[in-house]
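**Q** From first to last, the protein sequence lines are chains A and B.
With the first letter of the first sequence counted as 1, position 34 gets the number 34 in the working numbering; the numbers rise by one all the way through.
To convert, count from 1 in the second sequence and add 273; that's the working numbering.
All C-beta atoms in this analysis are idealised placements derived from N, C-alpha and C, irrespective of residue type, glycine included.
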Amino acid sequence: MNVASQPALEGAAPIDRSARETVLRMRQIDKTFRGGVVALHEMNLDIRKGDFISLLGPSGCGKSTALRLIAGLMRPTAGRIEWEGGGGKDDLGVVFQEPTLMPWATVEQNVWLPFRLQGKSLGSCREKIYEALALVGLENFGKSYPRELSGGMKMRVSIARALVTDPRIILMDEPFAALDEITRQKLNDDLLNLKAKTDATVVFVTHSVFESVFLSDRIVVMAARPGRVVKEIEVPEPYPRGIEWRTSPTYATIARETSDTLLGTLSPGAEVH
Amino acid sequence: MAAVDSSPSGAPAPQLSDISHAVDLEEEQIARRKRAEEIGKWALPIIVMAAAIWFWDRIVVWNEIPHFILPRPGLVLETLWADRAMLFESLWVTVKITALALLVAVVGGVGLAVLFAQSKFAEMSFSPFAVILQVTPIVAIAPLIFIYIESKLVGLLLCAWIVAFFPILANTTLGLNSADHNLRDLFRIYRASRWQRLIYLQLPSALPYFLGGLKIAGGLALIGAVVAEYVAGSGGIDSGLAFRILEAGYRLNIPRMFAALILIAGTGVLIYALTSLTSYLLLRKWHESALKREQ
Numbered sequence: 001m002n003v004a005s006q007p008a009l010e011g012a013a014p015i016d017r018s019a020r021e022t023v024l025r026m027r028q029i030d031k032t033f034r035g036g037v038v039a040l041h042e043m044n045l046d047i048r049k050g051d052f053i054s055l056l057g058p059s060g061c062g063k064s065t066a067l068r069l070i071a072g073l074m075r076p077t078a079g080r081i082e083w084e085g086g087g088g089k090d091d092l093g094v095v096f097q098e099p100t101l102m103p104w105a106t107v108e109q110n111v112w113l114p115f116r117l118q119g120k121s122l123g124s125c126r127e128k129i130y131e132a133l134a135l136v137g138l139e140n141f142g143k144s145y146p147r148e149l150s151g152g153m154k155m156r157v158s159i160a161r162a163l164v165t166d167p168r169i170i171l172m173d174e175p176f177a178a179l180d181e182i183t184r185q186k187l188n189d190d191l192l193n194l195k196a197k198t199d200a201t202v203v204f205v206t207h208s209v210f211e212s213v214f215l216s217d218r219i220v221v222m223a224a225r226p227g228r229v230v231k232e233i234e235v236p237e238p239y240p241r242g243i244e245w246r247t248s249p250t251y252a253t254i255a256r257e258t259s260d261t262l263l264g265t266l267s268p269g270a271e272v273h
Numbered sequence: 274m275a276a277v278d279s280s281p282s283g284a285p286a287p288q289l290s291d292i293s294h295a296v297d298l299e300e301e302q303i304a305r306r307k308r309a310e311e312i313g314k315w316a317l318p319i320i321v322m323a324a325a326i327w328f329w330d331r332i333v334v335w336n337e338i339p340h341f342i343l344p345r346p347g348l349v350l351e352t353l354w355a356d357r358a359m360l361f362e363s364l365w366v367t368v369k370i371t372a373l374a375l376l377v378a379v380v381g382g383v384g385l386a387v388l389f390a391q392s393k394f395a396e397m398s399f400s401p402f403a404v405i406l407q408v409t410p411i412v413a414i415a416p417l418i419f420i421y422i423e424s425k426l427v428g429l430l431l432c433a434w435i436v437a438f439f440p441i442l443a444n445t446t447l448g449l450n451s452a453d454h455n456l457r458d459l460f461r462i463y464r465a466s467r468w469q470r471l472i473y474l475q476l477p478s479a480l481p482y483f484l485g486g487l488k489i490a491g492g493l494a495l496i497g498a499v500v501a502e503y504v505a506g507s508g509g510i511d512s513g514l515a516f517r518i519l520e521a522g523y524r525l526n527i528p529r530m531f532a533a534l535i536l537i538a539g540t541g542v543l544i545y546a547l548t549s550l551t552s553y554l555l556l557r558k559w560h561e562s563a564l565k566r567e568q
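Structural data, given as structure tokens:
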């Protein structure tokens with residue numbers, strides 16, 4: 001595992017992230033919808049290889065818009081989104097709030113989808129598909145249909161599908177928001193294990209302060225009306241993280257700082273949804 | 274292992290074997306009701322149908338109704354057997370037209386739906402024609418069709434098709450447009466072509482809707498075939514059941530009218546059973562409509 005190669009850090013010495021190579025740059029991004037709603041104003045973000053970035057903020061802060069812009073589902077009104085070395089077919093994996101599986105296809109066929117759309121046969125990808133399924137602990141469920149799985153298992157299939165092409169960035173749009181607390185906790189732990197094993201680059205949208213501090217190494221705090229970035233908070237704790245991290249004083253301090261930043265962005269009368 | 278008296282957390286965990294199988298009255302009752310329903314599902318229709326036929330027979334006997342007004346069921350069966358050569362030949366004609374019309378309706382309906390799904394403008398331009406064809410009664414259109422079209426077979430086919438294709442078109446269009454929005458986004462992110470999106474996403478999403486349309490269209494194709502033949506009216510070698518009914522009516526051969534009617538009804542039931550079976554076989558693995566609920 002890659003974990004062993006990381007230097008043992010005393011306390012919470014910051015990891016030098018500037019040494020990582022940049023994958024994607026967002027420069028001065030504006031997005032204005034028809035009718036004049038400013039969804040995003042002057043957003044700047046550098047996504048570097050191996051980053052785990054959380055976009056945190058209340059409803060209407062533009063975090064989902066930012067994700068859709070990165071995914072290429074929308075074009076910015078102004079500003080530039082640049083992929084280092086240009087865009088390609090294996091740029092992205094996506095996990096939505098719902099598992100978004102094809103109900104008529106088996107688990108292995110669902111995970112095969114990104115390859116299938118590249119014209120590759122199931123046989124030629126089977127090894128990779130089962131590797132991805134093993135990472136989420138579902139290697140024995142390849143022939144099952146989604147309806148035979150629990151909510152948490154469906155979400156795992158969805159994660160396996162996002163991982164399978166080894167994409168440059170994995171986008172996750174509040175992936176565990178619809179799950180119960182216990183399942184969510186388990187999936188958060190598993191996600192970090194996955195991250196440690198694959199060193200994937202993740203952009204994670206959430207409105208949970210604790211989830212963002214637990215998971216990410218950078219928290220991008222956003223505010224609404226107009227949607228904008230107010231602060232980036234570094235979380236210098238190395239991976240893997242477990243229950244010790246969740247109960248450590250550093251965790252509490254950063255969670256406090258993040259919460260305060262978030263509260264400071266709210267205009268009087270506004271509510272966090 | 275020996276029975277554990279206390280689990281580490283303190284409270285003694287009850288052993289499964291210790292729990293006696295107390296009879297839950299409510300569960301028993303539910304199970305009993307289920308068994309009754311299982312039997313009733315098959316037995317009731319048969320019993321009630323037999324009773325109805327028996328009652329029909331008794332009414333004729335009790336009221337001494339002459340057979341040229343209302344024949345006894347036995348006589349209808351006798352006629353069905355006696356005229357079997359003629360009736361089944363006609364049945365074959367009707368079935369052929371129905372099946373062909375349904376086939377063309379499926380091809381045309383799905384083809385048009387795919388076109389509509391590809392282009393909003395095509396949908397806006399042509400859907401009014403489809404609606405007008407659908408809402409105008411076929412008996413009103415049929416005479417014109419038989420004026421313009423020489424071949425009787427083609428005319429009949431066209432009539433049956435007009436009636437049958439709309440539910441397939443409407444349902445399949447709805448199905449193609451109801452593919453999950455996140456899945457559509459996912460296909461865009463993975464740079465799927467239009468064709469890939471159609472084959473791997475939209476058509477499978479539309480399948481349950483299409484099959485619903487097919488069930489309706491199967492019955493309508495038969496109705497279309499029969500109605501069109503009433504309008505076409507001419508006799509000859511390749512006459513369908515509708516013409517046999519007309520002809521028997523002129524001759525006051527009421528038992529034969531009933532015999533032909535039974536064949537038409539039977540054909541309709543068979544078509545419904547076949548389309549339902551197709552639907553079940555295609556959807557049983559994944560679609561809600563075909564799944565058995567646990568409770």
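With distances taken Cα to Cα, identify the nearest neighbour of P346(B) among M359(B), A323(B), L364(B).
**A** Within the second sequence, residue 346(B) is the residue found at index 73, counting from 1. For P346(B), the nearest C-alpha among the options comes from A323(B).
**Q** So L459(B) contacts chain A; which residues on that side make the cut at Cβ distance below 7 Å?
**A** Translated into the one-based positions of the second sequence, residue 459(B) becomes position 186. Ordered by position in chain A, the residues that pass the 7 Å Cβ test against L459(B) are V94, T100.
**Q** Using a Cβ-Cβ cutoff of 8 Å, what residues of the stretch 442-455 of chain B are near chain A? List them in chain order.
**A** So the list reads D453, N455, given in the order they occur along the chain.
**Q** Can you tell me where the beta strand (DSSP E) holding W83(A) begins and where it ends?
**A** The residue labelled residue 83(A) in the question sits at position 83 within the first sequence. First-last of the beta strand (DSSP E) with W83(A): 78-83.
**Q** Which residue comes first and which comes last in the alpha helix (DSSP H) that contains M539(B)?
**A** The sequence position of residue 539(B) within the second sequence is 266, counting from 1. The sequence given here places Gly at residue 539(B); Met does not occur at that position. Counting along the chain, the alpha helix (DSSP H) containing G539(B) begins and ends at 527-556.
**Q** At the 8 Å Cβ level, is K558(B) part of the contact set with chain A, yes or no?
**A** Working through the second sequence from its first residue, we reach residue 558(B) at position 285. Yes, its Cβ sits closer than 8 Å to a Cβ of chain A.
**Q** Quick check on A355(B): buried or exposed, where buried means 16 or more other Cβ atoms within 10 Å of its Cβ?
**A** Along the second sequence, one-based indexing puts residue 355(B) at 82. A355(B) is exposed by the Cβ-count criterion.
**Q** Select from Q97(A), P249(A), E82(A) the residue whose C-alpha is nearest the C-alpha of K154(A).
**A** Position 154 of the first sequence, counting from 1, holds the residue named residue 154(A). Taking only the C-alpha atoms, the option nearest K154(A) is Q97(A).
**Q** Quick one: grab the DSSP three-state call for L113(A).
**A** Reading the first sequence from its first residue, position 113 is the one you call residue 113(A). Of the three classes helix, strand and coil, the one that applies to L113(A) here is helix, per DSSP.
**Q** So, for V235(A): in the same chain, excluding its five sequence neighbours on each side, which residues have a beta-carbon less than 8 Å away from its beta-carbon?
**A** What you label residue 235(A) is simply residue 235 of the first sequence in a count that begins at 1. Excluding sequence neighbours, V235(A) sits near V213, S216, D217, R218, I219, I254.
**Q** Could you check how far apart the C-beta atoms of L171(A) and W83(A) are, in whole angstroms? I think they sit under 8 Å.
**A** Here residue 171(A) is taken as the residue at index 171 of the first sequence, counted from 1. Here residue 83(A) is taken as the residue at index 83 of the first sequence, counted from 1. Their Cβ separation, rounded to whole angstroms, is 14 Å, which puts L171(A) and W83(A) out of contact at 8 Å.
**Q** Rounded to whole angstroms, what's the CA-CA distance from E211(A) to F176(A)? Just pull it up for me.
**A** Residue mapping note: residue 211(A) aligns to position 211 of the first sequence, counting from 1. Residue mapping note: residue 176(A) aligns to position 176 of the first sequence, counting from 1. C-alpha separation (whole angstroms): 10 Å.
**Q** Does the beta carbon of K89(A) come closer than 8 Å to any beta carbon on chain B?
**A** Indexing the first sequence from 1 puts residue 89(A) at position 89. With 8 Å as the cut-off, K89(A) counts as an interface residue toward chain B.
**Q** Just verifying my parser: in three-state terms, what is the DSSP assignment at A223(A)?
**A** Locating residue 223(A) in the first sequence gives position 223, counting from the first residue. Strand, per DSSP.
**Q** Any residues in the stretch 69-82 of chain A with a beta carbon nearer than 9 Å to a beta carbon of chain B? Which ones, in chain order?
**A** Taking 9 Å as the Cβ-Cβ cut-off against chain B, the residues of the stretch 69-82 of chain A that qualify are A71, G72, L73.
**Q** Closest Cβ-Cβ distance between R464(B) and chain A: below 8 Å?
**A** Taking the first residue of the second sequence as 1, we reach residue 464(B) at position 191. By this cut-off, R464(B) is an interface position.
**Q** Any beta-carbon of chain D closer than 8 Å to the one on Y473(B)?
**A** Here chain D cannot be found, since the structure's protein chains are A and B.
**Q** Return the first residue and the last residue of the alpha helix (DSSP H) that E310(B) is part of.
**A** Within the second sequence, residue 310(B) is the residue found at index 37, counting from 1. Run containing E310(B): 298-335, per the alpha helix (DSSP H) assignment.
**Q** Keeping to the same chain, check which residues put their C-beta closer than 7 Å to that of K49(A); ignore five residues upstream and five downstream.
**A** On the first sequence, position 49 is the one that residue 49(A) refers to. If we look at K49(A) and ignore the five residues flanking it on each side, its Cβ neighbours are R20, E21, V23, T201.
**Q** Give me the DSSP bridge partner(s) of M172(A).
**A** Position 172 of the first sequence holds residue 172(A). M172(A) is bridged to V95(A), F204(A).
**Q** Can you tell me the Cα-Cα spacing of T446(B) and L471(B), whole angstroms?
**A** By 1-based counting over the second sequence, the position of residue 446(B) is 173. By 1-based counting over the second sequence, the position of residue 471(B) is 198. Going from the Cα of T446(B) to the Cα of L471(B) covers about 12 Å.
**Q** Terminal residues of the continuous beta strand (DSSP E) containing E42(A)?
**A** Here residue 42(A) refers to the residue found at position 42 of the first sequence. Start and end: 38-48.
**Q** Please go through the same chain and pick out, in chain order, the residues whose beta-carbon is closer than 6 Å to the beta-carbon of F341(B), but skip the five residues on each side of it.
**A** Along the second sequence, one-based indexing puts residue 341(B) at 68. Excluding positions up to five away in sequence, the list reads L525, I527.
**Q** Could you check if F460(B) is buried or exposed, using at least 16 other CB atoms within 10 Å of its CB as the buried criterion?
**A** The residue you call residue 460(B) lines up with position 187 of the second sequence. Buried, by the Cβ-count rule.
**Q** Going by C-alpha to C-alpha distance, which of V205(A), K31(A), F204(A), L263(A) sits closest to V230(A)?
**A** For the purposes of this step, residue 230(A) is identified with residue 230 of the first sequence, where counting begins at 1. Answer by Cα proximity: L263(A).
**Q** On the criterion of 16 or more Cβ atoms from any shown chain inside 10 Å, does L429(B) qualify as buried, or is it exposed?
**A** Counting from one through the second sequence, the residue named residue 429(B) turns up at place 156. Looking at its Cβ environment, which holds 16 or more other Cβ atoms inside 10 Å, L429(B) is buried.
**Q** Tell me whether the beta-carbon of V542(B) lies closer than 8 Å to the beta-carbon of T367(B).
**A** Taking the second sequence and counting its residues from 1, one reaches residue 542(B) at position 269. Taking the second sequence and counting its residues from 1, one reaches residue 367(B) at position 94. No, the Cβ-Cβ distance between V542(B) and T367(B) is not below 8 Å.
**Q** Name the two residues that bound the continuous alpha helix (DSSP H) containing E362(B).
**A** In the second sequence, residue 362(B) corresponds to position 89, counting from 1. Start and end: 357-391.
**Q** Under 8 Å between C-beta atoms, does A479(B) make it to chain A?
**A** To locate residue 479(B), count along the second sequence from 1; it is residue 206. No, A479(B) does not count as interfacial toward chain A.
**Q** Against chain B, does W104(A) count as a neighbour if the rule is that its beta carbon must be under 8 Å from one of theirs?
**A** On the first sequence, position 104 is the one that residue 104(A) refers to. Yes, contact with chain B.
**Q** Compute the beta-carbon to beta-carbon distance between C61(A) and A223(A), rounded to the nearest angstrom, for a pair I have assumed lies under 8 Å.
**A** As a working mapping, residue 61(A) is identified with position 61 in the first sequence. As a working mapping, residue 223(A) is identified with position 223 in the first sequence. The Cβ separation is near 6 Å, so the contact holds.
**Q** Would you give the residue range spanned by the alpha helix (DSSP H) that M155(A) belongs to?
**A** Position 155 of the first sequence, counted from the first residue, corresponds to residue 155(A). Unbroken alpha helix (DSSP H) run through M155(A): 151-163.
**Q** If I measure Cβ to Cβ from I420(B) and keep anything under 7 Å in the same chain, skipping five residues before and after, which residues do I get?
**A** Here residue 420(B) refers to the residue found at position 147 when the second sequence is read from its first residue. Excluding positions up to five away in sequence, the list is empty.
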